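J.: Below you will find the structure I want to go over with you.
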Amino acid sequence: MVEEGAYAIAVDTRSTEDFLLQAQELVPTALDKAREVKGFPGRWKMIISKLEQIPSRLSDLSSHPCFSKNALCKEQLQAVSKSLREAIELAELCVKEKYEGKLRMQSDLDALTGKLDLNLRDCGLLIKTGVLGEATLPLTVSGPMAESDIATHSNIKELLARLQIGHLEAKHRALDKLYDVMREDEKNVLAVLGRSNVAALVQLLTATSPRIREMTVTVICSLVESGSCENWLVSEGVLPPLIRLVESGSCVGKEKAIVSLQRLSMSAETTRAIVGHSGVRPLIELCETGDSVSQAAAACTLKNISSVPEVRQALAEEGIVRVMINLLNNGILLGTKEYAAECLQNLTASNENLRRSVISEGGVKSLMAYLDGPLPQESAVGALRNLVGSVPEETLVSLGLLLCLVHVLKSGSSGAQQAAASVICRVCSSIEMKKMIGEAGCIPLLIKMLEAKANSAREVAAQAIASLMVLSQNQREVKKGDKSVPNLVQLLDSSPQNTAKKYAVSCLGSLSSSKRCKKLMISYGAIGYLKKLVDMDIPGAKKLLERLERGKLRSLFSRK
17 MVEEGAYAIA VDTRSTEDFL LQAQELVPTA LDKAREVKGF PGRWKMIISK LEQIPSRLSD
77 LSSHPCFSKN ALCKEQLQAV SKSLREAIEL AELCVKEKYE GKLRMQSDLD ALTGKLDLNL
137 RDCGLLIKTG VLGEATLPLT VSGPMAESDI ATHSNIKELL ARLQIGHLEA KHRALDKLYD
197 VMREDEKNVL AVLGRSNVAA LVQLLTATSP RIREMTVTVI CSLVESGSCE NWLVSEGVLP
257 PLIRLVESGS CVGKEKAIVS LQRLSMSAET TRAIVGHSGV RPLIELCETG DSVSQAAAAC
317 TLKNISSVPE VRQALAEEGI VRVMINLLNN GILLGTKEYA AECLQNLTAS NENLRRSVIS
377 EGGVKSLMAY LDGPLPQESA VGALRNLVGS VPEETLVSLG LLLCLVHVLK SGSSGAQQAA
437 ASVICRVCSS IEMKKMIGEA GCIPLLIKML EAKANSAREV AAQAIASLMV LSQNQREVKK
497 GDKSVPNLVQ LLDSSPQNTA KKYAVSCLGS LSSSKRCKKL MISYGAIGYL KKLVDMDIPG
557 AKKLLERLER GKLRSLFSRK
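Residue numbers (the numbering used here): 17 to 576.
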């Protein structure tokens with residue numbers, strides 16, 4: 017009996033042509049023996065049909081220009097010869113009826129059928145997919161490639177080709193070797209990687225062996241992180257097996273699968289596909305039960321998915337709001353909390369139902385608690401900005417909104433400060449709230465923001481100040497600042513990039529009743545700016561200009 021797992025080919029010094037001749041000689045013998053068998057007619061009929069296909073495959077293989085130059089051809093012919101000898105041996109046992117048992121023989125015949133199937137498939141694959149050509153570089157290569165690089169590329173191409181042919185265990189050995197090569201020389205692997213190689217890797221993700229699946233997803237994760245073949249991976253169907261590994265893979269398999277999905281989900285089209293392949297539930301479960309790395313990657317993936325508006329409701333139905341709020345409170349890594357805040361910001365951007373859901377789950381309190389930390393982040397303030405319009409003022413005050421805003425304006429990033437100023441614009445709808453915001457100490461911080469580099473930051477700060485200056489006590493607070501008038505005058509610039517000019521006019525108009533402030537406006541060149549703004553029909557510019565010009569005339573006459 018031929019040894020089980022006979023695809024572990026032994027080293028043989030004979031030439032490829034010798035093995036071709038050997039296989040060609042074995043085919044008629046195997047067919048003659050098979051046709052003599054009377055028992056197991058169905059199985060032998062199938063075996064005979066496959067044996068009859070072998071000559072044409074051998075002919076195709078031998079006619080390829082790379083036939084004699086490639087070790088893959090030699091190994092394939094060895095595998096075919098072993099299968100043919102096994103067919104002859106089994107046929108002789110069946111003819112003599114000297115097998116151990118009927119069930120055992122049925123099993124052996126089924127195994128032989130599988131091996132012949134594999135032989136035929138691999139021979140065809142070597143020709144049709146170009147694997148044979150890919151695995152052998154010509155002896156002369158045009159261009160400046162060094163001889164060592166040629167050899168390296170040739171070895172890597174042969175290694176990649178082995179992922180597509182042969183027994184599963186042989187593919188596993190090739191996979192292990194590929195992983196080692198990628199750790200040492202990823203650049204050269206990526207240089208010769210083809211779509212057919214990517215497809216072969218994706219197929220190995222569904223192998224029966226957990227070890228092969230784990231090694232395959234590790235290699236795929238490296239490819240994804242390199243950013244070189246993401247489209248190929250997705251088009252070859254990598255998403256469903258990755259999602260299944262997130263559901264039920266080993267610890268390493270889960271981690272590598274979720275890190276791969278994290279990178280792939282940066283594409284909106286891919287995020288829709290992840291949702292379509294029922295990928296949300298496994299991601300949410302990983303947020304609840306995963307280790308620190310997997311939890312962070314799952315949260316980031318869900319954050320990426322939530323950026324696509326049409327899938328947000330599907331996320332909500334899977335319970336994402338509660339999970340993200342829990343991560344905001346208890347996430348293992350700081351980055352995980354930030355992803356959760358970004359996800360909540362996306363979810364609450366335009367959907368009132370999701371806003372109510374976040375509020376009812378205690379999201380406002382959790383966001384404020386997170387913002388009270390040492391590094392308040394823009395996304396958390398952005399999520400808060402989306403929610404404040406749906407929460408009563410007294411509730412916001414009781415939760416400590418004002419102290420939170422002051423903290424962000426003092427120590428947050430520029431983006432967080434801008435978002436905080438936007439929150440002030442949204443919540444200062446009542447006189448009482450304007451008064452409390454002013455008393456909390458926000459105005460000096462907003463005045464400082466008028467010097468920000470970003471036009472959008474200056475605009476929202478000026479808008480917030482203009483809203484607060486409805487109250488006389490807030491006007492007095494603005495007047496106290498040495499830089500209030502100079503900063504506001506600078507925002508009268510008529511350039512299209514300056515989007516804060518209408519709010520600057522409003523603020524300066526409120527200050528123009530003060531002689532001191534009018535003198536400062538004039539001294540900093542406000543009249544020249546305003547003349548241009550009058551021509552642009554900026555609201556309030558003409559009235560403010562007239563006030564300043566009257567003040568300038570009075571000053572002139574008084575000096576005379």
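Positions of the beta carbon are idealized from the N, C-alpha and C atoms, including for glycine.
Note that this is a predicted model, so its numbers are computed, not measured.
1. Any contact of the segment 324-337 with the segment 359-369, i.e. 3+ C-beta pairs under 8 Å?
2. Quick one: Cα of isoleucine 70 to Cα of valine 43, how far?
3. Excluding the 5 residues preceding and the 5 following phenylalanine 35 in the sequence, name in chain order all residues of the same chain whose CB lies nearer than 7 Å to its CB.
4. Is DSSP giving cysteine 533 helix, strand or coil here?
5. For lysine 548 and leucine 466, I'd like the C-alpha separation in whole angstroms.
6. Could you tell me how far apart the beta carbons of aspartate 133 and lysine 193 are, in whole angstroms, since I believe they sit closer than 8 Å?
7. Taking all protein chains shown into account, decide if aspartate 126 is buried (16 or more other Cβ within 10 angstroms of its Cβ) or exposed.
8. Do glutamate 3 and serine 429 have their C-beta atoms closer together than 8 Å?
9. Taking the alpha-carbon positions, what's the cysteine 523 to leucine 504 distance?
10. Over what stretch of residues does the alpha helix (DSSP H) that includes glycine 351 continue unbroken?
11. Just how far apart, CA to CA, sit glutamate 377 and asparagine 367?
12. Using the C-alpha atoms, what's the distance from asparagine 171 back to lysine 582?
13. Note down the Cα distance separating aspartate 553 from lysine 495, rounded to an integer number of angstroms.
14. Quick check on the DSSP output: the alpha helix (DSSP H) that includes isoleucine 70 runs from which residue to which?
15. Identify the continuous alpha helix (DSSP H) that holds tyrosine 386 and give its terminal residues.
16. Measuring CB to CB, does methionine 384 end up less than 8 Å from leucine 344?
17. Do proline 257 and leucine 221 have their C-beta atoms within less than 8 Å of each other?
18. Tell me whether cysteine 110 is buried or exposed, calling it buried when 16 or more other Cβ atoms sit within 10 Å of its Cβ.
19. Going by alpha carbons, who is nearest to glycine 351 out of Ala313, Ile290 and Val205?
20. If you follow the alpha helix (DSSP H) that serine 323 is in, where does it begin and where does it stop?
21. Could you spell out where the alpha helix (DSSP H) holding threonine 45 opens and where it closes?
22. Please look up how many angstroms separate the CB atoms of valine 439 and valine 486, rounded, as I've assumed it's under 8 Å.
23. Quick one: what's got a C-beta closer than 8 Å to glycine 21's C-beta in the same chain, skipping five residues either side?
24. Glutamine 94 by DSSP, collapsed to three states: which one?
25. With 16 other CB atoms within 10 Å as the buried threshold, where does arginine 260 fall?
26. DSSP state of phenylalanine 83, grouped into three classes?
27. Less than 8 Å between C-beta atoms, sequence neighbours within five positions excluded: which residues of the same chain meet that for glutamine 40?
28. Whole angstroms is fine: what's the gap from lysine 469's alpha carbon to alanine 435's?
29. So what's aspartate 138 in DSSP terms, helix, strand or just coil?
30. Locate the alpha helix (DSSP H) running through cysteine 458, then write down its first and last residues.
31. Quick check on the burial criterion: 16 or more other C-beta atoms within 10 angstroms. Buried or exposed for serine 574?
32. Over the uninterrupted alpha helix (DSSP H) stretch that includes asparagine 514, give me the two end residues.
33. Closest to asparagine 490 by CA distance: which of Ser472, Met449, Pro512 and Arg401 is it?
34. Going along the chain, which unbroken runs of the alpha helix (DSSP H) with 4 or more residues stay wholly within the segment 418-457?
35. What's the C-alpha gap between lysine 534 and serine 528?
36. What does a CB cutoff of less than 7 Å around cysteine 237 pick up in its chain, not counting 5 residues either side in sequence?
T.: Put simply:
1. yes
2. 8 Å
3. Lys90, Leu93, Gln94 and Ser97
4. helix
5. 21 Å
6. Not a contact, Cβ separation roughly 26 Å.
7. exposed
8. In the structure displayed, the chain extends from 17 to 576; residue 3 sits before or after that span and is not available.
9. 8 Å
10. 350-363
11. 16 Å
12. No information on residue 582 is available, as it lies outside the stretch 17 to 576 that the chain covers here.
13. 27 Å
14. 70-78
15. 379-387
16. no
17. yes
18. buried
19. Ala313
20. That residue, serine 323, is in no alpha helix (DSSP H); it is neither H nor E in DSSP.
21. 32-52
22. Contact flag wrong, Cβ pair sits at about 18 Å.
23. The pLDDT assigned to glycine 21 is 38, lower than 50, so where the model puts this residue is not dependable; a value taken from the coordinates is nonetheless given after this. Within the same chain, glycine 21 has close Cβ partners His183 and Glu185.
24. helix
25. buried
26. helix
27. Pro71 and Leu74
28. 15 Å
29. helix
30. 458-465
31. In this prediction, serine 574 scores a pLDDT of 49, lower than 50, which makes its location untrustworthy; the coordinate-derived value is nonetheless stated afterwards. Looking at its Cβ environment, which holds fewer than 16 other Cβ atoms inside 10 Å, serine 574 is exposed.
32. Looking at the DSSP string, asparagine 514 is not in any alpha helix (DSSP H), and its letter there is neither H nor E.
33. Met449
34. 430-443 and 447-456
35. 5 Å
36. Lys272, Val275 and Ser276
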